[in-house]
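**Student:** Structure provided below as structure tokens; questions to follow.
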Amino acid sequence: MTRPHLKKFRRIVVKVGSSLLIDSAAGKVRGEWLSALAADIAGLHGDGCDVLVVSSGAVALGRSKLKLPRGPLKLEESQAAAAVGQIALARIWSKVLADHGIGAGQILVTWQDTEERRRYLNARSTIAKLLEWRAVPVINENDTVATNEIRYGDNDRLAARVATMASADLLILLSDIDGLYDAPPHLNPEAKLIPVVKRVTADIEAMAGSAASELSRGGMRTKIEAAKIATTAGTHMLIASGTIEHPLRAIMDAGPCTWFLTPANPVTARKRWIAGSLEPRGTLKIDAGAVAALRAGKSLLPAGVTRIDGHFARGDAVIVRGPNGHEIGRGLVAYDAADADRIKGRSSSDAAQLLGVRGRVEMIHRDDLVVGSPGEAG
Ligand code: GLU
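What the sequence shown shows, in UniProt numbering, is residues 1 to 378, in sequence order.
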């Protein structure tokens, strides 16, 4: 598959980083640039595409409005700055979209909203309703209440979760770099842009590690993490430069960018949620026979499990690893860690007896299991 055309997509999430939106020297929003982006968004919207915006900039904007000195902020300072900045950010988005006759709806999400099933479903239905009304959701992390321990911190991964939550078919990360390079472009003049990534392998992750950090705010690492979340869940992703005017038009005109393609088979909403769950509570190690069974679409039985790590409860997300430690998949485990440990390596009938239950005993049911393709990094 070569690069697809933007017009092919019916639901697109556009993530805009702080450094694009805010001119930090002047301490204000880059108005002309944003208007041009809004015109691009209106173009897609007018063609019938649902567009969602994930916009950073609350902290940066609040900071400049409050005239805070440069340097790192304490948590409560950045939360207070975000409180000031987010109002301004929402107003600006509302204005530039209204210029095209499009309504904007602000959604501030926390990590729990995307990771807890009930809240996830709530956020999902709000987004669905806004889109049904043809409004553009403008989303950011709720920085004013998110604490250091439980927050995304970067809008790359947040945008990927939003994209999977909204069942978007494309996520566009507008960045200060036009894509993923095979070497650090600022150090190596021979560095080449990678136009299409078919699968996020260990090699790709290694490139992000070296090519990254100073070049963009969230860094290439969080973008690759976002690519993993998005592509595992059936959403294509692309990284393109947002430093130019009309960045979406540039993508349509075949401008430089990196596409991360997802395999064609869409996964169910439940599987999307499992695949993207950021906080696995434990790990199940399995033998080669179980790896083959899982890849053939079967459930994970206790007999194939060789080792249990972590403190997890029934229903928690766990990582499943093969004999050599590679990630095979993720799933919702049917037993807590203590029970899982008791029944590991046992036949299903022994396991049932040990647990005092009747019938089939599956460690992870196939419907609760997302298995990556062989060769996939993890
Ligand atoms: N949520 C943060 C903000 O609006 C931005 C996070 C990021 O830059 O990725 O300021």
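Cβ atoms here follow ideal geometry from the backbone N, Cα and C, with glycine treated the same way.
Is residue 66 buried or exposed, if buried means 16 or more other CB atoms sit within 10 Å of its CB?
**Tutor:** On the sequence shown, residue 66 is found 66 positions in, with the first residue counted as 1. Exposed, by the Cβ-count rule.
**Student:** My output table needs one value for residue 30: the three-state DSSP class, helix, strand or coil.
**Tutor:** Along the sequence shown, one-based indexing puts residue 30 at 30. Coil.
**Student:** Whole angstroms are fine: how far does the CA of residue 292 sit from the CA of residue 7?
**Tutor:** In the sequence shown, the residue the question calls residue 7 occupies position 7. In the sequence shown, the residue the question calls residue 292 occupies position 292. Taking the straight line joining both Cα atoms gives about 39 Å.
**Student:** Give the secondary structure of residue 146 by DSSP, where H, G and I count as helix, E and B as strand, and everything else as coil.
**Tutor:** By one-based count along the sequence shown, residue 146 stands at place 146. Looking at residue 146 - three-state DSSP - the assignment turns out to be coil, as it is neither helix nor strand.
**Student:** May I ask whether a heavy atom of the ligand GLU can be found less than 6 Å away from the beta carbon of residue 23?
**Tutor:** Along the sequence shown, one-based indexing puts residue 23 at 23. It does not: the Cβ of residue 23 is nowhere closer than 6 Å to a heavy atom of the ligand GLU.
**Student:** Thinking C-alpha only, which one of 46, 61, 40 and 284 is nearest residue 174?
**Tutor:** Reading the sequence shown from its first residue, position 174 is the one you call residue 174. It is 40.
**Student:** When you compare the CB positions of residue 276 and residue 229, do they come within less than 7 Å of one another, or not?
**Tutor:** Position 276 of the sequence shown holds residue 276. Position 229 of the sequence shown holds residue 229. For residue 276 and residue 229, yes; Cβs fall inside 7 Å.
**Student:** Give me the residue from 178, 100 and 105 with the minimum Cα distance to residue 91.
**Tutor:** Position 91 of the sequence shown holds residue 91. Selected option, being the one with the closest Cα: 105.
**Student:** Is any heavy atom of the ligand GLU found at a distance shorter than 6 Å from the C-beta of residue 57?
**Tutor:** Mapped onto the sequence shown, residue 57 falls at position 57. Correct: residue 57 has its Cβ closer than 6 Å to the ligand GLU.
**Student:** Please tell me whether, using a cut-off of 6 Å, the distance from the CB of residue 142 to the nearest non-hydrogen atom of the ligand GLU is below it.
**Tutor:** In the sequence shown, residue 142 corresponds to position 142, counting from 1. Not so, every heavy atom of the ligand GLU lies at least 6 Å from the Cβ.
**Student:** Taking its Cβ as the centre, do 16 or more other Cβ atoms sit within 10 Å of residue 72, making it buried, or is it exposed?
**Tutor:** Position 72 of the sequence shown, counting from 1, holds the residue named residue 72. Answer is exposed; the Cβ neighbour count stays below 16.
**Student:** Whose C-alpha, out of 199, 350, 93 and 86, is nearest the C-alpha of residue 34?
**Tutor:** Translated into positions along the sequence shown, residue 34 becomes position 34. Ranking 199, 350, 93 and 86 by Cα distance to residue 34 puts 93 first.
**Student:** One question on the structure: do residue 13 and residue 52 come within less than 7 Å of each other, judged by their Cβ atoms?
**Tutor:** The residue given as residue 13 occupies position 13 in the sequence shown. The residue given as residue 52 occupies position 52 in the sequence shown. Yes, the pair counts as a contact, with Cβ atoms nearer than the cut-off.
**Student:** Sort out for me which residues DSSP pairs residue 331 with in a bridge.
**Tutor:** Position 331 of the sequence shown holds residue 331. Beta-bridge pairing links residue 331 to 318 and 369.
**Student:** How should residue 48 be labelled, buried or exposed, when 16 other C-beta atoms within 10 angstroms of its C-beta is the threshold for buried?
**Tutor:** As a first step, residue 48 must be located in the sequence shown, where it is residue number 48. Exposed, because fewer than 16 other Cβ atoms sit within 10 Å of the Cβ of residue 48.
**Student:** Should residue 324 go down as buried or exposed, given a rule of 16 or more other Cβ atoms within 10 Å for buried?
**Tutor:** Start at 1 with the first residue of the sequence shown, and residue 324 comes out as number 324. Per the 10 Å Cβ criterion, exposed.
**Student:** Is the beta carbon of residue 38 closer than 7 Å to that of residue 97?
**Tutor:** On the sequence shown, position 97 is the one that residue 97 refers to. On the sequence shown, position 38 is the one that residue 38 refers to. Against a cut-off of 7 Å, the Cβ pair of residue 38 and residue 97 comes out as a contact.
**Student:** For residue 19, is the beta carbon positioned less than 6 Å from some heavy atom of the ligand GLU?
**Tutor:** Within the sequence shown, the letter at position 19 stands for residue 19. Because no heavy atom of the ligand GLU lies under 6 Å away, the Cβ of residue 19 does not count as near it: no.
**Student:** If contact is defined by three or more beta carbon pairs under 8 Å, each pair taking one atom from either stretch, is the segment 325-333 in contact with the segment 282-297?
**Tutor:** Yes, they touch.
**Student:** Of the residues 29, 137, 326 and 126, which one's Cα is nearest the Cα of residue 57?
**Tutor:** The count along the sequence shown starts at 1 and reaches residue 57 at position 57. The candidate whose alpha carbon is nearest that of residue 57 is 29.
**Student:** Given 8 Å as the limit, is there contact between the segment 178-195 and the segment 16-30, that is, 3 or more CB pairs closer than that?
**Tutor:** Segments in contact, no.
**Student:** Give the range of the alpha helix (DSSP H) segment to which residue 105 is assigned.
**Tutor:** As a working mapping, residue 105 is identified with position 105 in the sequence shown. Here residue 105 belongs to no alpha helix (DSSP H); instead the beta strand (DSSP E) covers 104-109.
**Student:** Determine the contact status of residue 383 and residue 224, defining contact as a CB-CB distance below 7 Å.
**Tutor:** Absent from the model: residue 383. The displayed extent of the chain is 1 to 378, so no value can be given.
**Student:** State yes or no: is the C-beta of residue 85 within less than 7 Å of the C-beta of residue 61?
**Tutor:** As a working mapping, residue 85 is identified with position 85 in the sequence shown. As a working mapping, residue 61 is identified with position 61 in the sequence shown. Yes, the Cβ-Cβ distance between residue 85 and residue 61 is below 7 Å.
**Student:** With DSSP as the reference, label residue 141 as helix, strand or coil.
**Tutor:** In the sequence shown, the residue the question calls residue 141 occupies position 141. Of the three classes helix, strand and coil, the one that applies to residue 141 here is strand, per DSSP.
**Student:** Can you tell me which residues form a DSSP beta bridge with residue 172?
**Tutor:** Numbered from 1 along the sequence shown, position 172 holds the residue referred to as residue 172. Its beta-bridge partners are 14 and 238.
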